[in-house]
Amino acid sequence: MAAEEMHWPVPMKAIGAQNLLTMPGGVAKAGYLHKKGGTQLQLLKWPLRFVIIHKRCIYYFKSSTSASPQGAFSLSGYNRVMRAAEETTSNNVFPFKIIHISKKHRTWCFSASSEDERKSWMALLRREIGHLHEKKDLPLDASDSSSDTDSFYGAIERPVDISLSPYPTDNEDYEQDDEDDSYLEPDSPEPGKPEGPGLFVPPVAPRPPALKLPVPEPPARAMALPRPEKPPLPQLQRSPPDGQSFRSFSFEKPHLPSQDDPGGKDSDEDYEKVPLPSSVFINTTESYEVERLFKATSPRGEPQDGLYCIRNSSTKSGKVLVVWDETSNKVRNYRIFEKDSKFYLEGEVLFVSVGSLVEHYHTHLLPSHQSLLLQHPYGYAGPR
Numbered sequence: 001m002a003a004e005e006m007h008w009p010v011p012m013k014a015i016g017a018q019n020l021l022t023m024p025g026g027v028a029k030a031g032y033l034h035k036k037g038g039t040q041l042q043l044l045k046w047p048l049r050f051v052i053i054h055k056r057c058i059y060y061f062k063s064s065t066s067a068s069p070q071g072a073f074s075l076s077g078y079n080r081v082m083r084a085a086e087e088t089t090s091n092n093v094f095p096f097k098i099i100h101i102s103k104k105h106r107t108w109c110f111s112a113s114s115e116d117e118r119k120s121w122m123a124l125l126r127r128e129i130g131h132l133h134e135k136k137d138l139p140l141d142a143s144d145s146s147s148d149t150d151s152f153y154g155a156i157e158r159p160v161d162i163s164l165s166p167y168p169t170d171n172e173d174y175e176q177d178d179e180d181d182s183y184l185e186p187d188s189p190e191p192g193k194p195e196g197p198g199l200f201v202p203p204v205a206p207r208p209p210a211l212k213l214p215v216p217e218p219p220a221r222a223m224a225l226p227r228p229e230k231p232p233l234p235q236l237q238r239s240p241p242d243g244q245s246f247r248s249f250s251f252e253k254p255h256l257p258s259q260d261d262p263g264g265k266d267s268d269e270d271y272e273k274v275p276l277p278s279s280v281f282i283n284t285t286e287s288y289e290v291e292r293l294f295k296a297t298s299p300r301g302e303p304q305d306g307l308y309c310i311r312n313s314s315t316k317s318g319k320v321l322v323v324w325d326e327t328s329n330k331v332r333n334y335r336i337f338e339k340d341s342k343f344y345l346e347g348e349v350l351f352v353s354v355g356s357l358v359e360h361y362h363t364h365l366l367p368s369h370q371s372l373l374l375q376h377p378y379g380y381a382g383p384r
């Protein structure tokens, strides 16, 4: 068994939903679930996704015919599946969550269409986690979903006793922007010929208008402070979704020059951009001015960890990402580099816009730091 313990499941980087479903063995369950958005700017979004559990990895697609996943993650290190009562709304009546043994890792939230569906998904996930860590103390069957609710959830929600994995899984997970198609009706799966990853995806229903986020003004202060500057909107086109957070190289490939095609690719081929709040852009070149602004957000002069803004560079025409680091009680400055219409903080991970760069570092550690993430956009109150 020692050899098996060394073999950690890693999600495949690009595979079509139908190709994954038709692979021999390994698919434990597949179906539609609503998935909670991954960053502060997406928390109100619960887009409908086609979810597949395959060989201890979770994949989610925009539809059952998508050519590549919106994202995927390994269950390695995840040891608990629970109902998520705090996420219950009129649209998400049956939410549940998958929890990692380490609080530094993301908790994934999904919502099923019925109580029986939630029980079925939770039972399958609990079984996958148990098999992954070779815990056979809790025999589970999807048929148990009709049993007494309290006893069923009492068994399902008990954490699996595991130790922290010595093999990091951060770089094995990936996720695309998930801020669109909040509530699409599921398409009709066609059991016909599997599609290849390079084929076009059939058209889906027109997407609803993007959610407009309120942008509150920064609180008034006694002394004049630099005024936020409204950012220019870059006229860029996003590349096909191949995943974006593998550290070894970027999956946001440069878009080859071509004339705009208004007619036709499916929404899987084109990301919808979430603009950053204008309050994030501060019209100053001085780091100490930003630090003063950050401290003014708290009555005790203690900014929130991960509070961030974007200021002008004092030496070049570019921008600088400024983040409050609570562990060192100071701001950290990250130069935003630009090359060939791509933006980056470090050369391996490129982005088509500053907004997508910011979204990435909401869920991925900033360069040369062990715990710092972007968490709170300056001047933006966020959804309640």
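Following UniProt numbering from start to finish, the sequence shown increments by one per residue and tops out at 384. Using N, Cα and C, we set each Cβ at its ideal position, and we do this for glycine too.
Separation of residue j from residue i, as counted between CA atoms
i           : j    : result
W121        : M23  : 21 Å
V93         : D116 : 12 Å
I15         : C57  : 13 Å
V290        : S371 : 21 Å
Y153        : R126 : 11 Å
S74         : V81  : 14 Å
residue 401 : F61  : Residue 401 is absent from the model: the chain starts at 1 and stops at 384.
residue 457 : G37  : Outside the displayed span of the chain (1 to 384) sits residue 457, for which this structure offers no information.
T107        : N79  : 11 Å
G379        : F96  : 31 Å
V27         : H131 : 14 Å
S279        : G301 : 19 Å
A381        : D148 : 42 Å
K342        : G318 : 13 Å
Y322        : H100 : Residue 322 is actually Val in this sequence, not Tyr. Each residue's Cα considered, the two are about 29 Å apart.
N329        : S368 : 17 Å
residue 386 : E86  : Residue 386 lies beyond the stretch modelled for the chain, which goes from 1 to 384, so this question has no answer here.
G25         : R118 : 23 Å
P150        : T88  : Note that residue 150 is Asp in the sequence shown, not Pro. Between D150 and T88, the C-alpha separation is close to 18 Å.
S66         : R292 : 47 Å
S356        : A296 : 28 Å
L124        : G347 : 39 Å
D305        : V160 : 31 Å
Proximity to residue i [Cα-Cα], best of the options
i    : options                : result
I162 : Y344, N329, G301, S102 : S102
P11  : D340, S64, S76, A67    : S76
D340 : N333, S68, V352, S111  : V352
I129 : S111, D148, A72, I156  : I156
P9   : R158, A72, K55, L365   : K55
P275 : S328, V358, N91        : V358
P303 : K316, P367, T327       : T327
P277 : S68, A72, P377         : P377
T315 : A296, D305, R335, N329 : R335
C109 : K119, L124, R83, N91   : R83
V354 : S368, L366, G347, E338 : E338
S90  : S114, H369, G347       : S114
G71  : T363, E86, K342        : T363
L365 : H100, E86, K104, S66   : K104
P69  : H100, K13, R118        : K13
Beta-carbon spacing of residue i, residue j below 8 Å
i    : j    : result
V331 : F294 : yes
L374 : Y361 : yes
L345 : W324 : no
S298 : N333 : no
S64  : A17  : yes
H21  : Y59  : Here the sequence assigns Leu to residue 21, which means His is not the residue at that position. No, the pair does not count as a contact, with Cβ atoms beyond the cut-off.
Heavy atom of the ligand PLP within 7 Å of residue i beta-carbon
i    : result
Y153 : For the structure depicted, the ligand PLP is absent and the ligand set is empty, with no information on it obtainable.
Open item on the list: Using a Cβ distance threshold of 8 Å, determine whether the region 14 to 32 contacts the region 45 to 64, with at least three qualifying pairs required.
Closed with: With the cut-off at 8 Å, the region 14 to 32 and the region 45 to 64 touch.
Open item on the list: Does the region 277 to 297 come into contact with the region 309 to 323, if we say contact requires no fewer than three beta-carbon pairs (one atom in each stretch) closer than 8 Å?
Closed with: Yes, the region 277 to 297 touches the region 309 to 323.
Task: Any alpha helix (DSSP H) of 4 or more consecutive residues that is wholly inside the UniProt domain "SH2" (280 to 378) - done: Counting only runs of 4 or more, we get 287 to 295, 354 to 363.
Task: Ranges of the alpha helix (DSSP H) found wholly within the UniProt domain "PH" (26 to 130), counting only runs of at least 4 - done: Whole alpha helix (DSSP H) segments, 4+ residues: zero.
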